[in-house]
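Okay, structure first, notes after.
Residue numbers (the working numbering): 89 to 203.
This is the structure in structure tokens:
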């Protein structure tokens, strides 16, 4: 089975190849394969999480259908958009302590200026 990192890179590569305008938007985001385990079914399901900076939600929503089509063709079940700025600035979030690397990636996405 492919690793999550290689699957993420493949997703971004396919988006860049078939939908270059969507690929430009993803350059400002952090894309990650997320896992969900459904105990009743005994299955692990994988989906794409796109962490975006504040102000890009409308652009991503416009591309949602294309991104979901690619994800489904790769065997992923969904595409989820998550506001990185909101996560980083949340005073109750324990993300910084529990996963400092992810927090730093999200901090970079949230504070990096959009061209």
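For each residue, glycine too, the CB sits at the ideal point set by N, CA and C.
If you're wondering where the values come from, they're calculated on a predicted model, not measured in any experiment.
Have a look at the DSSP bridge pairing and note the partners of residue 123. For the purposes of this step, residue 123 is identified with residue 35 of the chain shown, where counting begins at 1. Partner(s): 134.
Is the Cβ-Cβ distance between residue 110 and residue 156 less than 8 Å? Taking the first residue of the chain shown as position 1, residue 110 is located at position 22. Taking the first residue of the chain shown as position 1, residue 156 is located at position 68. Result no, Cβ atoms of residue 110 and residue 156 do not sit closer than 8 Å.
Report the rounded CA-to-CA distance for residue 149 versus residue 129, giving the unit in angstroms. The count along the chain shown starts at 1 and reaches residue 149 at position 61. The count along the chain shown starts at 1 and reaches residue 129 at position 41. Rounded to the nearest angstrom, the two C-alpha atoms are 30 Å apart.
Minimum C-alpha distance to residue 115 - residue among 152, 123, 140 and 185: The residue given as residue 115 occupies position 27 in the chain shown. Taking only the C-alpha atoms, the option nearest residue 115 is 140.
Taking the DSSP output, what are the residues bridged to residue 140? Taking the first residue of the chain shown as position 1, residue 140 is located at position 52. The bridge partners DSSP lists for residue 140 are 171.
Suppose you measure from the CA of residue 143 to the CA of residue 177; what does that come to, to the nearest Å? Position 55 of the chain shown, counted from the first residue, corresponds to residue 143. Position 89 of the chain shown, counted from the first residue, corresponds to residue 177. When rounded, the distance between both Cα atoms is 15 Å.
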